[in-house]
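Written out below as structure tokens is the structure these notes cover.
Number of protein chains: 2
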Amino acid sequence: MTDHLPHTLRSDALDNRERILDAARALFAADGLDVPMREIARRAGVGPATLYRRFPTKQELVTAAFADQIRACRAIVDEGSAHPDPWRGFCLVIERVCELHARDRGFTEAFMATFPGATDVSAGREYTLKAVAELARRAKETGRLRPDFVLDDLVLMLMANKGIHTTSVTTQVMASRRFAGFVIQAFENCPRHAPLPSAARLTSAAPTAD
Amino acid sequence: MTDHLPHTLRSDALDNRERILDAARALFAADGLDVPMREIARRAGVGPATLYRRFPTKQELVTAAFADQIRACRAIVDEGSAHPDPWRGFCLVIERVCELHARDRGFTEAFMATFPGATDVSAGREYTLKAVAELARRAKETGRLRPDFVLDDLVLMLMANKGIHTTSVTTQVMASRRFAGFVIQAFENCPRHAPLPSAARLTSAAPTAD
DNA sequence: ACCGTAACGGACGCCTGCGTCCGGTTGAGT
DNA sequence: ACTCAACCGGACGCAGGCGTCCGTTACGGT
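Chains as they are written, first to last, in this note's numbering: chain A, 1 to 210; chain B, 1001 to 1210.
The following block contains the structure:
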């Protein structure tokens, strides 16, 4: 916790760290977050002690492992926000994010979990949600996004997307793509749609979408 | 396995059996299927041995515990099928089934699992799906249900609904209700909707919906 | 080439859940 | 009331995951 310890790892240590992260990413993506630490160590070809030395808690490992997924998430919403047509940008975000989550089961769990102290993940979540909320506001202005949409609806759909489990990654992505298609249709403003049941509060402190 | 053993349990045994089932139902509903057997025994106020004697495998316990849920499921689809307007009946099924699954987390898992040997559950599943397929066919004929709907889409949505987890049962039901509302909008035939990505095969042997 | 130390990983003890055995208890038939 | 067997549940051994300790290895600076 003090600053006297060397911030440069030895070459072998750095190499092991990389292999641990690779193993963690692979296992998290395939099996979700609750794979045993031992399993990750085994796949990385290191002892358990090494894993625990580098990442004392599973949370730190998760945070480190999903750093680039979070970057990808930001990139997606930024791209969507930059789209000339807000509604199309909004749709793009849904499609891309669903696919991202479909390809990586662990990331979905990490993204949803909101576990304490994972500042990196939850910060990314906050940013993403905030940006999407703004995009949704603009999409509503164009009249294509239904006016009764709230941000929690997106969270709802992400949670739902997480529920889709299949045998292979290929079918997983297919299923998720079709699901995203349905979601977009459900979110699209249609003149003759029945009023929806009221939304439940899912996010702890959601930026208001409307 | 042979038929020489008495098919009538002693009164105390029968009483315990009931309390075990009650405990199992409560815990399954709240926490899902993977609660420890011990926990169920503890809540029922019996020893682990008693639990295992009555239900040698967890599957038998699950099957017995969800017998009435399965009946409820059948009742829902029967009611939906009997509705004069097939589309409205179809919607009703979606709403009711989503709520049923929202109220009982364990049932969703049991319904989805397709684990081997749970003849009762999977038979109920088969029946339900088959009946809904027929209802969907009729709903399509009225033009209200989109023509490119396939039965796997309903399974997809049930899986998705399963993904929705919240803190309390109340919000769970609220969220699920809103989700069902979106699903119905997504399934409704709208003249100007974009073509959907192709569906993935989710059921092992699905009765064809179209 | 040498040496100090960061880094390694096998091995340990703990805990939790699993399924089963056995001595004591109690319902039910005479 | 008596008896017998059906029934009960505490206790046991097993398996797997957890986090940590310590003797050994090998990197990197001189």
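By construction, the Cβ of each residue, glycine as well, lies at the ideal position given by its N, Cα and C atoms.
Residue span of the alpha helix (DSSP H) that contains residue i, given as start and end
i	result
T1197(B)	It should be noted that the sequence gives Pro, not Thr, for residue 1197(B). Premise fails: P1197(B) is in no alpha helix (DSSP H) and is neither H nor E.
H212(A)	The requested residue 212(A) does not occur in the structure, where chain A is confined to residues 1 to 210.
E99(A)	P86 to R103
E141(A)	T119 to E141
C73(A)	A67 to A82
R177(A)	V169 to F187
L1145(B)	Here L1145(B) belongs to no alpha helix (DSSP H), and DSSP marks it neither H nor E.
P1048(B)	P1048 to R1054
Where residue i sits in the DSSP three-state scheme
i	result
L1033(B)	coil
L5(A)	The pLDDT assigned to L5(A) is 48, lower than 50, so where the model puts this residue is not dependable, and the model offers no usable value.
A1209(B)	Residue confidence is low: A1209(B) scores 46 on pLDDT, short of 50, so the model does not pin down where it sits. Its coordinate-derived value is still stated next. Correct three-state label for A1209(B): coil.
V150(A)	coil
R25(A)	helix
T1057(B)	coil
R1017(B)	helix
G1045(B)	coil
R10(A)	coil
R192(A)	coil
Contact under 7 Å by Cβ, residue i with residue j
i	j	result
A1023(B)	A1044(B)	yes
L135(A)	P86(A)	yes
A1110(B)	F1066(B)	yes
I1184(B)	C1098(B)	no
T1203(B)	V1150(B)	no
G163(A)	A1160(B)	yes
N16(A)	V46(A)	yes
G106(A)	A29(A)	yes
A986(B)	V1173(B)	Outside the displayed range of chain B (1001 to 1210) lies residue 986(B), so it cannot be described from this structure.
N1189(B)	R1138(B)	no
L1021(B)	I1040(B)	no
L1051(B)	M1037(B)	yes
Best match in the options for proximity to residue i [C-alpha to C-alpha]
i	options	result
L1196(B)	T203(A), Q69(A) and S176(A)	S176(A)
E60(A)	T119(A), S81(A) and P36(A)	T119(A)
V35(A)	M157(A), D15(A), K58(A) and G47(A)	K58(A)
S81(A)	R105(A), S122(A) and L129(A)	L129(A)
T108(A)	V46(A), E18(A) and L33(A)	L33(A)
F1179(B)	A199(A), R146(A) and I40(A)	A199(A)
L1009(B)	L1021(B), R1054(B), R1096(B) and D1031(B)	R1054(B)
A64(A)	S122(A), A75(A) and E79(A)	S122(A)
D78(A)	C190(A), R25(A) and G124(A)	G124(A)
T167(A)	R96(A), D153(A), D31(A) and I70(A)	D31(A)
R96(A)	A133(A), I70(A) and I76(A)	I76(A)
R146(A)	R192(A), R42(A), A13(A) and E18(A)	R192(A)
I94(A)	M157(A), R201(A), V169(A) and T171(A)	M157(A)
L1100(B)	H1007(B), D1148(B) and D1068(B)	D1068(B)
T170(A)	E1126(B), T1142(B) and R1201(B)	R1201(B)
E141(A)	R88(A), R25(A), S11(A) and P56(A)	R88(A)
R1074(B)	P1056(B), D1104(B), E1126(B) and R1042(B)	E1126(B)
D152(A)	S1011(B), E1018(B) and F1182(B)	F1182(B)
D1104(B)	P1056(B), D1148(B), A1133(B) and H1165(B)	H1165(B)
Residue i: CB within 6 Å of a non-hydrogen atom of the ligand COA
i	result
A1194(B)	For the ligand COA, the structure offers nothing, since it holds no ligand at all.
Along the segment 1157–1171 of chain B, what residues have a CB closer than 9 Å to any CB found in chain A?
M1157, L1158, M1159, A1160, N1161, K1162, G1163, I1164, H1165, T1166, T1170 and T1171
When Cβ atoms are compared, which residues of the segment 78–93 of chain A fall closer than 8 Å to chain B?
Hits within the stretch: zero.
Cβ-based contacts, 9 Å cut-off: residues of the segment 9–23 of chain A near chain B
Those would be none; no residue qualifies.
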